[in-house]
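Asks:
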Amino acid sequence: MANIKSAKKRIKVINKKTLRNKMIKSQVKTEMKKVIVAVNASDKEAASASLKNAVSAIDRAYSKGIYHKNAVARKKSSLTKLVNSL
730 MANIKSAKKR
740 IKVINKKTLR
750 NKMIKSQVKT
760 EMKKVIVAVN
770 ASDKEAASAS
780 LKNAVSAIDR
790 AYSKGIYHKN
800 AVARKKSSLT
810 KLVNSL
């Protein structure tokens with residue numbers, strides 16, 4: 730455990746940021762899963778709607794610095810390919 734006051738504060742701040750990042754990543758994964766479920770059910774309209782929500786969530790996560798730009802591009806590309814395969 731840290732003894733210095735600033736180190737204690739850094740631990741608190743890091744824990745807050747880690748929790749925030751986990752929440753946002755979890756939301757992105759949930760939105761991606763909705764797209765995959767809709768594609769597996771062959772529901773084109775639901776897949777398109779959930780793709781729009783997923784891309785929005787991924788872009789929000791990128792703007793907050795949670796994902797690297799190449800990871801964002803890869804996620805969006807793979808989801809778009811899935812929806813276009815219908």
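With my numbering applied, the sequence shown corresponds to residues 730 to 815, in that order.
The beta carbon of each residue, even a glycine, is placed where N, CA and C say it ideally should be.
So what's Lys-737 in DSSP terms, helix, strand or just coil?
Replies: DSSP places Lys-737 in helix when its eight states are reduced to three.
Asks: Rank Lys-793, Ala-767 and Val-742 by C-alpha distance to the C-alpha of Ala-776 and give the top, closest one.
Replies: It is Ala-767 whose Cα lies nearest to the Cα of Ala-776.
Asks: Going by alpha carbons, who is nearest to Val-757 out of Asp-772, Ser-735, Ser-792 and Lys-741?
Replies: With distances taken between Cα atoms, Val-757 lies closest to Ser-792.
Asks: Are the CB atoms of Leu-815 and Lys-773 within a distance shorter than 7 Å?
Replies: Yes, Cβ-Cβ distance for Lys-773 and Leu-815 is below 7 Å.
Asks: Got a sec, what are the start and stop residues for the alpha helix (DSSP H) Ala-783 sits in?
Replies: Element bounds for Ala-783: 773–792.
Asks: DSSP state of Ser-814, grouped into three classes?
Replies: In the structure shown, Ser-814 sits in coil (DSSP, three-state: anything other than H, G, I, E or B).
Asks: Only counting the same chain, and skipping five residues up and downstream in sequence, which positions put a Cβ closer than 6 Å to that of Tyr-796?
Replies: Closer than 6 Å at Cβ, skipping near neighbours: Ala-790.
Asks: In this structure, how does DSSP classify Ala-770 when only helix, strand and coil are distinguished?
Replies: Reduced to three states, the DSSP call for Ala-770 is coil.
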